[in-house]
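S.K.:
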Amino acid sequence: MDLSFTPEERAFREEVRSFIASALPAHLKPKAEIDGHFEIDEIMEWHRILFQKGWVAPHWPKEFGGPGLDVTRRFILTEELELSGAPALLPFGLAMVGPLIMQFGNDAQKKRYLPKILSGEEKWCQGYSEPNAGSDLASLKLRADDAGDHFVLNGQKTWTTYAQYADWIFLLARTDASAKKQSGISFLLCDMKTEGVRVRPTLTIGGTHAFCDTFFENVKVPKENLVGPLHGGWTLAKALLGHERTLVAAVGSSARTLLRAKRIARDTLRDGRPLSDDPLVRAKIARMECRLEALKMANYRAIAGAKHGHAPGAESSILKLRGSEIVQGMYELCLELMGHNALTWMNPDGTVPGSEQWVGPNYNYLRAATIYAGSNEIQKNIIAKLILGLPS
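The opening residue of the sequence shown carries number -19 in our numbering; numbering runs sequentially from there.
#1: Between Ile265 and Glu273, what straight-line distance do the alpha-carbon atoms span, to the nearest angstrom?
#2: Got a sec? Which residues, its chain only, sit under 6 Å from Leu355 by beta carbon, not counting five neighbours each side?
#3: Can you tell me whether Pro432 is helix, strand or coil according to DSSP?
#4: Let me know the alpha helix (DSSP H) ranges lying completely inside the stretch -14 to 19, each 4 residues or longer, listed in chain order.
#5: Evaluate Asn86 with the Cβ neighbour count: other Cβ atoms within 10 Å of its Cβ, from every protein chain shown; 16 or more gives buried, anything less gives exposed.
#6: Between which two residues does the beta strand (DSSP E) containing Phe72 stretch?
#7: What is the residue span of the beta strand (DSSP E) that Leu239 lies within?
#8: Is the separation between the beta-carbon of Pro181 and that of Thr138 shorter than 9 Å?
#9: Taking Ala159 as the reference, which of Ser119, Lys218, Ser109, Lys203 has the closest Cα?
#10: Determine, using beta carbons only, whether Leu390 and Val132 come nearer to each other than 9 Å.
#11: Quick check: Leu168 and Phe150, are their CB atoms within less than 9 Å of each other?
#12: Measuring CA to CA, which of Ser166, Ala157, Arg236 is closest to Lys203?
#13: Go through its chain and collect everything with a Cβ distance to Ile363's Cβ below 8 Å, but skip five positions before and after it.
#14: Might you give, ordered along the chain, the residues of its own chain that have their beta carbon closer than 6 Å to the beta carbon of Gly375, omitting 5 neighbours on each side?
#15: Apply the 10 Å Cβ neighbour rule to Leu30 and answer buried if 16 or more other Cβ atoms are within range, or exposed otherwise.
#16: Could you name the residues that DSSP lists as bridge partners for Ser256?
#17: In the DSSP output, which residue or residues are listed as bridge partners for Phe191?
#18: Kindly confirm or deny that the stretch 184 to 191 and the stretch 247 to 254 touch, where touching means at least three C-beta pairs closer than 8 Å.
#19: Assess, as a yes-or-no matter, whether the stretch 300 to 315 is touched by the stretch 91 to 99 under the definition of 3 or more beta carbon pairs within less than 8 Å.
#20: What is the DSSP secondary structure of Ser163, reduced to helix, strand or coil?
#21: Thinking just about the alpha-carbon of each residue, which of Thr52, Ser64, His27 is nearest to the one in Ala12?
#22: Just mark Pro259 as buried or exposed, buried being the case when its beta carbon has 16 or more other beta carbons within 10 Å.
#23: To the nearest angstrom, how far is the alpha carbon of Asp50 from that of Phe(-1)?
#24: What residue from Arg262, Gln162, Val201 has the CA that sits closest to Trp214's CA?
#25: Grouping DSSP H, G and I as helix and E and B as strand, with all else coil, what is Tyr312?
#26: DSSP on Trp26, reduced to helix/strand/coil?
#27: Determine the direct distance from the alpha carbon of Lys365 to that of Tyr343, and round the result to whole angstroms.
#28: Would you tell me roughly how many angstroms separate the C-alpha atoms of Lys103 and Ala143, rounded to the nearest one?
#29: With a 10 Å radius around its C-beta and 16 neighbouring C-beta atoms as the bar for buried, classify Leu239 as buried or exposed.
#30: Would you tell me roughly how many angstroms separate the C-alpha atoms of Trp338 and Thr324, rounded to the nearest one?
#31: Report yes if the CB atom of Ala153 is closer than 9 Å to the CB atom of Met172, and no otherwise.
#32: Going straight from the alpha carbon of Leu80 to that of Phe(-15), what length do you get?
#33: Got a sec, what are the start and stop residues for the alpha helix (DSSP H) Leu210 sits in?
#34: Let's test the definition: count the other Cβ atoms within 10 Å of the Cβ of Asp126 and tell me whether it reaches 16, buried, or not, exposed.
#35: Have a look at the DSSP bridge pairing and note the partners of Val132.
#36: Pop quiz: Leu403 and Ala241 are said to be a contact at Cβ under 8 Å. What is the actual Cβ separation, rounded to whole angstroms?
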């Protein structure tokens, strides 16, 4: 298997790097350099810049406004964007519901929603998890009762990331309470401005209001907002989760954090000598680098499969499982190398170097990485059943 990039692909990588260096606004670069938290208006500013370039949705086909990049160039573009520290775009429209509407939506839905997702005119959030239905998603209780020309929603979603900024939410709701769990679920699109929708943001231990509880009280959703067949939402849910779990691999982000760990090891002194002189420290860094290289190889295998027309399947659980563990491990390593100097929430201002002020908050926030998009315990069950062929 040849894992090397062609000269044309390497040239494309240089084109991407050059574009990011010139196009990323000057006022965003300081945050990008320290992996800081970008506010929603900053994320959408970068979204519009990439949209004008034609790179905002590298995986979208040309017929829907995408650049028509092959799978290798899509990987290169995504990796370079992550490596740059530029704002991560909201994935809910571009990488989740957009591709799902392309696959399962009717012509009217494609015409109505896809252009505004692409341009950033409308922002989306995801309504999957509930207080008692997380990894066991089929246990969801949100009801969508048939009321003639519309459904009436009653219930709650939780962990709805950035719901406070969203214009629309795609959600799973129970449309047939008498059917078995997976069979009575439908996939709906709901305008967040509809009467009866209420959002309550939650402060995370990373210091951001990323997650929300979202409540629905007699919310009317027109029947034309049903995507796919009635009671057929479980098929759509599995397709969407395959895309989401592939995203969580975050190879570029982990590679960037590895470089941060190496820099911290060089710059942090112990007994007058840099930590990087310690063979045990070097071994810890090398161990994480080996794990990251293995993840890259798994990603390359997924790319090779995609080149032959294979959609994300059970192998996306491998990428999610290892990717989330590695991204946590990278920040844990940084935290260990910095010691008490990483504790921004305990030290006086100025104790933590400005270049590393987000190590602690990012470490805290990423405790969620092994839970969201389906907990890692669930991913292990999927791998055991669908890849290893073990009995459930």
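Even for Gly, the Cβ is constructed at its ideal location relative to N, Cα and C.
M.R.: According to the structure data:
#1: Here residue 265 is taken as the residue at index 285 of the sequence shown, counted from 1. Here residue 273 is taken as the residue at index 293 of the sequence shown, counted from 1. Between Ile265 and Glu273, the C-alpha separation is close to 12 Å.
#2: Stepping through the sequence shown from its first residue, residue 355 is reached at position 375. Here the sequence assigns Ser to residue 355, which means Leu is not the residue at that position. If the five residues before and after Ser355 are omitted, its C-beta is found closer than 6 Å to the C-beta atoms of Ser115, all from its own chain and listed in chain order.
#3: Nothing about residue 432 can be reported from this structure: the residues present for the chain run from -19 to 372 only.
#4: Here the runs fully enclosed are -13 to 3, 9 to 13.
#5: Mapped onto the sequence shown, residue 86 falls at position 106. Per the 10 Å Cβ criterion, exposed.
#6: Translated into the one-based positions of the sequence shown, residue 72 becomes position 92. For Phe72, there is no enclosing beta strand (DSSP E), since its DSSP letter is neither H nor E.
#7: Taking the first residue of the sequence shown as position 1, residue 239 is located at position 259. Looking at the DSSP string, Leu239 is not in any beta strand (DSSP E); the run it does join, the alpha helix (DSSP H), is 231 to 247.
#8: As a position in the sequence shown, residue 181 is number 201, starting the count at 1. As a position in the sequence shown, residue 138 is number 158, starting the count at 1. Between Pro181 and Thr138, the CB-CB gap reaches or exceeds 9 Å.
#9: Working through the sequence shown from its first residue, we reach residue 159 at position 179. In this structure, Ser119 is the residue among Ser119, Lys218, Ser109, Lys203 with its C-alpha nearest to the C-alpha of Ala159.
#10: Any answer about residue 390 is impossible in this case: the structure gives the chain only from -19 up to 372.
#11: Within the sequence shown, residue 168 is the residue found at index 188, counting from 1. Within the sequence shown, residue 150 is the residue found at index 170, counting from 1. Yes, Cβ-Cβ distance for Leu168 and Phe150 is below 9 Å.
#12: Translated into the one-based positions of the sequence shown, residue 203 becomes position 223. Shortest Cα-Cα distance from Lys203 to any of Ser166, Ala157, Arg236 involves Ser166.
#13: What you label residue 363 is simply residue 383 of the sequence shown in a count that begins at 1. Excluding sequence neighbours, Ile363 sits near Ala294, Ser297, Ile298, Leu301.
#14: Only positions -19 to 372 of the chain appear in this structure, which leaves residue 375 out of reach.
#15: The count along the sequence shown starts at 1 and reaches residue 30 at position 50. With 16 or more other Cβ atoms within 10 Å, it is buried.
#16: One-based indexing of the sequence shown puts residue 256 at position 276. Bridge pairing for Ser256: absent [DSSP].
#17: Translated into the one-based positions of the sequence shown, residue 191 becomes position 211. Beta-bridge pairing links Phe191 to Thr182.
#18: Contact between the stretch 184 to 191 and the stretch 247 to 254 is not established, with fewer than three Cβ pairs separated by less than 8 Å.
#19: The answer is no - the stretch 300 to 315 does not touch the stretch 91 to 99, with fewer than three Cβ pairs under 8 Å.
#20: For the purposes of this step, residue 163 is taken as the residue at position 183 of the sequence shown. Helix.
#21: Here the question's residue 12 lines up with position 32 in the sequence shown. When C-alpha distances from Ala12 are compared across Thr52, Ser64, His27, the shortest belongs to Ser64.
#22: Residue mapping note: residue 259 aligns to position 279 of the sequence shown, counting from 1. Under this definition Pro259 is an exposed residue.
#23: Sequence index remark: in the sequence shown, residue 50 carries index 70 (1-based). Sequence index remark: in the sequence shown, residue -1 carries index 19 (1-based). Cα to Cα, Asp50 sits roughly 19 Å from Phe(-1).
#24: Residue 214 sits at position 234 when you count from the first residue of the sequence shown. Of the listed residues, the one whose Cα sits closest to Trp214 is Gln162.
#25: Residue mapping note: residue 312 aligns to position 332 of the sequence shown, counting from 1. Rather than Tyr, the amino acid found at residue 312 in this sequence is Glu. Reduced to three states, the DSSP call for Glu312 is helix.
#26: Counted from its first residue, the sequence shown places residue 26 at position 46. Trp26 falls in the helix class under three-state DSSP.
#27: If you number the sequence shown from 1, residue 343 lands on position 363. If you number the sequence shown from 1, residue 365 lands on position 385. Using only the alpha carbons, I get a separation of about 32 Å.
#28: Walking along the sequence shown from the start, residue 103 turns up at place 123. Walking along the sequence shown from the start, residue 143 turns up at place 163. Their Cα atoms are separated by approximately 9 Å.
#29: If you number the sequence shown from 1, residue 239 lands on position 259. Counting Cβ neighbours within 10 Å, Leu239 comes out exposed, since fewer than 16 surround it.
#30: Here residue 338 corresponds to residue number 358 of the sequence shown, with the count starting at 1. Here residue 324 corresponds to residue number 344 of the sequence shown, with the count starting at 1. Answer to the nearest angstrom: the Cα atoms are 8 Å apart.
#31: Locating residue 153 in the sequence shown gives position 173, counting from the first residue. Locating residue 172 in the sequence shown gives position 192, counting from the first residue. Contact flag unset, no.
#32: In the sequence shown, residue 80 corresponds to position 100, counting from 1. In the sequence shown, residue -15 corresponds to position 5, counting from 1. The alpha-carbon atoms of Leu80 and Phe(-15) are separated by roughly 30 Å.
#33: Residue mapping note: residue 210 aligns to position 230 of the sequence shown, counting from 1. For Leu210, there is no enclosing alpha helix (DSSP H), as DSSP marks it with neither H nor E.
#34: One-based indexing of the sequence shown puts residue 126 at position 146. Asp126 should be labelled exposed.
#35: In the sequence shown, residue 132 corresponds to position 152, counting from 1. Within the DSSP bridge table, the entry for Val132 names Asp125, Lys200 as partners.
#36: Because the chain is modelled from -19 through 372, residue 403 falls outside the range shown and cannot be assessed.
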